[in-house]
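Mapping of the sequence shown onto the working numbering: residues 31 to 542, in sequence order. Ideal placement from N, C-alpha and C gives every residue a C-beta, glycine not left out. What follows is one structure encoded as structure tokens, with my remarks underneath.
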Amino acid sequence: MKDVYEQSSDATVSEPVTSDSLRAIERKHELYKPFNITEAIDPVEGNTKPPSYTAAEKKLLKKVIFAVMPLVCTVQYVQITDKFTLNSAGVMGIYEDTALTHDQFSLLGSIFFVGFLVNQLPNAYFLQRLPIAKYFGTMIGAWGIVLMCMSLGKTFSELAGLRFLLGLLEATSAPTILLVINIYFRRKEQTICIAAMQLSSEVAVIFSHLIIYGIGHLDGHHGIRAWKWNFIIWGLITIFAGICVFIFLPDQKESRWFRLTTTEMEIIKERVCDTGMVQNKQFKLKHVIESIKEPRLYCYCLIVILLCLQNGSVSLYSSQIIKDSGFSKLDSVILNVPRGISAIIIMFAAGYISQRYNDTTRVGASMAFLFFVGALILTTVQFGAVRLIGVYLSTMLPAYVLMQSSCAKNVIGYTKKTFYNACIYVSICVGNFIGPLMLREEEEPRYISGMIGFMIADLIAVATFFYIYWWHKRENKRRYQLRVEGKIPDIALERDQMDLTDKEDLTFIYSY
Numbered sequence: 031m032k033d034v035y036e037q038s039s040d041a042t043v044s045e046p047v048t049s050d051s052l053r054a055i056e057r058k059h060e061l062y063k064p065f066n067i068t069e070a071i072d073p074v075e076g077n078t079k080p081p082s083y084t085a086a087e088k089k090l091l092k093k094v095i096f097a098v099m100p101l102v103c104t105v106q107y108v109q110i111t112d113k114f115t116l117n118s119a120g121v122m123g124i125y126e127d128t129a130l131t132h133d134q135f136s137l138l139g140s141i142f143f144v145g146f147l148v149n150q151l152p153n154a155y156f157l158q159r160l161p162i163a164k165y166f167g168t169m170i171g172a173w174g175i176v177l178m179c180m181s182l183g184k185t186f187s188e189l190a191g192l193r194f195l196l197g198l199l200e201a202t203s204a205p206t207i208l209l210v211i212n213i214y215f216r217r218k219e220q221t222i223c224i225a226a227m228q229l230s231s232e233v234a235v236i237f238s239h240l241i242i243y244g245i246g247h248l249d250g251h252h253g254i255r256a257w258k259w260n261f262i263i264w265g266l267i268t269i270f271a272g273i274c275v276f277i278f279l280p281d282q283k284e285s286r287w288f289r290l291t292t293t294e295m296e297i298i299k300e301r302v303c304d305t306g307m308v309q310n311k312q313f314k315l316k317h318v319i320e321s322i323k324e325p326r327l328y329c330y331c332l333i334v335i336l337l338c339l340q341n342g343s344v345s346l347y348s349s350q351i352i353k354d355s356g357f358s359k360l361d362s363v364i365l366n367v368p369r370g371i372s373a374i375i376i377m378f379a380a381g382y383i384s385q386r387y388n389d390t391t392r393v394g395a396s397m398a399f400l401f402f403v404g405a406l407i408l409t410t411v412q413f414g415a416v417r418l419i420g421v422y423l424s425t426m427l428p429a430y431v432l433m434q435s436s437c438a439k440n441v442i443g444y445t446k447k448t449f450y451n452a453c454i455y456v457s458i459c460v461g462n463f464i465g466p467l468m469l470r471e472e473e474e475p476r477y478i479s480g481m482i483g484f485m486i487a488d489l490i491a492v493a494t495f496f497y498i499y500w501w502h503k504r505e506n507k508r509r510y511q512l513r514v515e516g517k518i519p520d521i522a523l524e525r526d527q528m529d530l531t532d533k534e535d536l537t538f539i540y541s542y
């Protein structure tokens with residue numbers, strides 16, 4: 031830390047830190063933003079000017095939103111829809127046409143995440159070395175081509191190879207989207223942006239299943255089965271999305287798509303201090319080492335793995351679970367729509383509570399417990415409409431959004447954040463790979479042992495959320511004590527160019 035700050039030699043001892051005083055200072059700083067270089071900070075009392083938007087920044091923010099978020103949400107939509115193409119193929123004839131077994135179908139769902147896993151660290155490297163829009167747009171177009179090729183698969187081995195390639199290419203999506211949000215939006219704004227991104231996932235659950243239901247009626251049209259039409263149509267849509275991203279997604283904060291004025295250029299530079307993301311093409315090994323030493327990294331990854339066990343399984347098998355509950359093949363597709371609606375309602379409720387009480391991790395824990403309830407219903411109810419409630423509650427979106435929001439707001443440093451994101455998506459791969467394999471053919475339709483495993487995993491995730499809450503609160507208390515003792519100096523004026531991590535920048539206040 032000596033190369034970043036010069037510690038004060040005449041530290042003043044003040045009153046001891048209490049829970050009430052800590053909570054007061056965190057509320058005063060709104061928990062969502064670090065101490066900004068434009069604010070006057072008293073190192074003992076912690077008084078700051080409350081953050082506010084000028085008219086010029088509001089105008090700039092609108093430009094950023096309209097340039098970035100439609101593309102981000104569109105890519106998220108088509109990526110989530112890709113998951114449904116295999117899900118619905120399970121009731122549209124892919125078993126009969128390719129002679130797949132139940133366990134081979136599970137492997138098709140799992141092998142996608144092998145490719146996804148393989149490309150996580152290379153993707154983190156390329157994101158730091160290449161123009162984001164050109165790289166990302168190319169990957170999206172390529173995965174659209176591979177998705178179309180899925181319609182040509184005639185055997186398990188052919189389909190498995192294509193699914194591996196699909197995972198390899200789609201591995202670029204979520205980390206890139208999150209990085210783009212981290213670059214262009216303030217920490218307080220990032221929660222809403224991440225929620226909007228994930229909301230598009232549930233919009234996809236609703237509208238894509240309606241479209242897939244319609245595609246189901248194309249069965250046999252021009253001699254092509256419905257499941258093949260599904261891959262062809264969504265592959266073409268994905269290619270178009272890739273072209274749009276390649277051309278229109280901003281590559282840097284001064285992008286021509288923002289049409290910045292001189293004043294807005296200065297505001298963009300100031301906002302970098304609050305995004306926690308200084309774009310830097312230098313890969314910093316010390317950021318990686320710092321991340322590996324932090325227990326938070328393993329907690330975030332553990333939560334993701336545990337939640338993805340159930341989410342990956344139900345996302346792959348939801349149509350077949352619904353069909354086995356007594357519904358027809360096409361009805362089992364359309365009955366996925368309420369799953370998206372319920373996720374949106376729960377997510378809005380969780381977001382409101384989290385924003386209202388400035389609490390991310392404990393609300394996340396409650397959402398993980400709701401996930402547990404979904405698995406409990408699927409375990410105890412075998413047939414009928416009541417079982418659908420278990421399917422509809424088995425969405426990790428609310429808990430995942432809050433976990434991702436906590437990570438996005440509390441991890442800074444370009445290489446460090448990129449590494450955290452890569453590790454989280456490696457965890458997604460692990461959870462989604464293992465999850466479908468826990469549903470054994472001989473146990474259908476209730477999959478007792480798999481569901482019991484999911485319930486245990488959900489409860490461990492609840493406990494891990496509480497640990498993250500405690501860790502951030504303890505660190506804030508330590509930093510507050512340093513502030514009241516005068517051991518943390520004023521923020522360096524060149525902070526927006528220093529690419530500090532949250533550990534290096536002792537003025538950074540964690541959000542929990």
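**Item:** Inter-residue spacing [alpha-carbon to alpha-carbon] between residue 478 and residue 468
**Value:** Rounded to whole angstroms, the separation of the alpha carbons of residue 468 and residue 478 is 10 Å.
**Message:** By the three-class DSSP mapping on this structure, what secondary structure does residue 441 have?
**Reply:** It is coil, neither helix nor strand.
**Message:** Is the separation between the beta-carbon of residue 383 and that of residue 495 shorter than 8 Å?
**Reply:** No.
**Asked** What is the rounded straight-line gap between the Cα of residue 516 and the Cα of residue 370?
**Response** So the two alpha carbons sit approximately 51 Å from each other.
**Item:** Through-space distance from residue 441 to residue 538, alpha-carbon basis
**Value:** If you take the alpha carbons of residue 538 and residue 441, they lie about 10 Å apart.
**Message:** My output table needs one value for residue 340: the three-state DSSP class, helix, strand or coil.
**Reply:** DSSP places residue 340 within a helical segment (H, G or I) once states are collapsed to three.
**Message:** Which of the three DSSP states is assigned to residue 280 in this structure?
**Reply:** Residue state, collapsed to three classes: coil.
**Request:** Alpha carbon to alpha carbon, how far is residue 294 from residue 424? Give it in angstroms, no decimals.
**Result:** Straight-line Cα distance between these residues: approximately 44 Å.
**Request:** Would you tell me roughly how many angstroms separate the C-alpha atoms of residue 471 and residue 409, rounded to the nearest one?
**Result:** So the alpha carbons of these two residues sit roughly 15 Å apart.
**Where residue 466 sits in the DSSP three-state scheme** = Note: residue 466 maps to helix in three-state DSSP.
**Anticipated Cβ contact below 8 Å, residue 428 with residue 342, distance rounded** = Residue 342 and residue 428 do not touch by the CB rule: their CB atoms are close to 17 Å apart, not below 8 Å.
**Message:** So, for residue 452: in the same chain, excluding its five sequence neighbours on each side, which residues have a beta-carbon less than 8 Å away from its beta-carbon?
**Reply:** So the qualifying residues of the chain are 150, 151, 153, 154 and 205.
**Message:** Please identify the residue among 201, 221, 175 and 198 whose C-alpha is closest to the C-alpha of residue 385.
**Reply:** Residue 221 holds the alpha-carbon nearest to the alpha-carbon of residue 385 among 201, 221, 175 and 198.
**Prompt:** Could you check where the alpha helix (DSSP H) with residue 109 kicks off and where it finishes?
**Reply:** Here the alpha helix (DSSP H) through residue 109 covers 85-119.
**Request:** Return the chain-ordered ranges of every alpha helix (DSSP H) run that is complete within the region 206-291 and spans a minimum of 4 residues.
**Result:** Taking only runs of at least 4 residues, the alpha helix (DSSP H) segments lying wholly in the region 206-291 are 217-245 and 256-278.
**Request:** Starting from residue 476, trace the alpha helix (DSSP H) both ways and give me its first and last residue.
**Result:** Unbroken run through residue 476: none, as it is neither H nor E.
**Request:** Could you have a look at residue 129 and say whether DSSP puts it in helix, strand or coil?
**Result:** In this structure, residue 129 counts as coil in the three-state DSSP scheme.
**Prompt:** By Cβ distance below 6 Å, which residues in the same chain neighbour residue 439 in space, the five residues on each side in sequence not counted?
**Reply:** For residue 439, where only same-chain residues beyond five positions count, the Cβ hits under 6 Å are 217 and 541.
**Message:** Determine whether the beta carbon atoms of residue 498 and residue 326 lie at a separation below 8 Å.
**Reply:** Contact: yes.
**Message:** The alpha helix (DSSP H) that contains residue 533, what's its start and end?
**Reply:** First-last for residue 533: undefined, no H or E at that position.
**Item:** Per-residue burial, residue 413 [other beta carbons within 10 Å of its own, 16 or more giving buried]
**Value:** When all chains shown are included, residue 413 counts as exposed.
**Prompt:** Given 8 Å as the limit, is there contact between the region 176-183 and the region 262-277, that is, 3 or more CB pairs closer than that?
**Reply:** Because the criterion of three Cβ pairs below 8 Å is met, the region 176-183 and the region 262-277 touch.
**Request:** Tell me whether residue 376 sits in a helix, a strand or coil according to DSSP, three-state version.
**Result:** Residue 376 carries a helical assignment under DSSP once its states are collapsed to helix, strand and coil.
**Asked** If you measure from the CB of residue 390, is any heavy atom of the ligand FMN nearer than 7 Å?
**Response** Absent from the structure shown: the ligand FMN. Ligands present: none.
**Residue environment, residue 316, which counts as buried when at least 16 other CB atoms sit within 10 Å** = Counting Cβ neighbours within 10 Å, residue 316 comes out exposed, since fewer than 16 surround it.
**Request:** Tell me whether the beta-carbon of residue 358 lies closer than 8 Å to the beta-carbon of residue 422.
**Result:** Result no, Cβ atoms of residue 358 and residue 422 do not sit closer than 8 Å.
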